[in-house]
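Q:
In the working numbering, the protein residues as written are 2 to 72.
1) To the nearest angstrom, how far is it from the Cα of residue 7 to the Cα of residue 33?
2) Just checking my contact of residue 5 with residue 37 at CB under 8 Å: how many whole Å lie between their CB atoms?
3) Whole angstroms is fine: what's the gap from residue 45's alpha carbon to residue 60's?
4) Of all the alpha helix (DSSP H) runs that stay within the bounds of the region 32-72, which reach a length of 4 or more residues?
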């Protein structure tokens with residue numbers, strides 16, 4: 002509890018054409034949620050979080066592979 006919900010629907014034009022009418026979310030368009038979401042995306046890009054996660058994940062995999070394991 003206490004969060005600020007946000008939602009989005011993303012689709013290619015081909016998929017979108019398959020659905021008649023408007024499909025939105027009750028979580029769409031809240032200004033506070035949109036500002037928070039934008040800030041989170043900007044932070045993720047600025048701090049290069051996906052690249053960091055990949056690098057740290059590879060370190061973890063290498064570490065686990067280095068463990069002695071009974072055959």
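For each residue, glycine too, the CB sits at the ideal point set by N, CA and C.
A: Answer, in terms of the structure:
1) CA-to-CA, the gap between residue 7 and residue 33 works out to about 9 Å.
2) 6 Å
3) The alpha-carbon of residue 45 is positioned some 20 Å away from that of residue 60.
4) 32-47, 50-66
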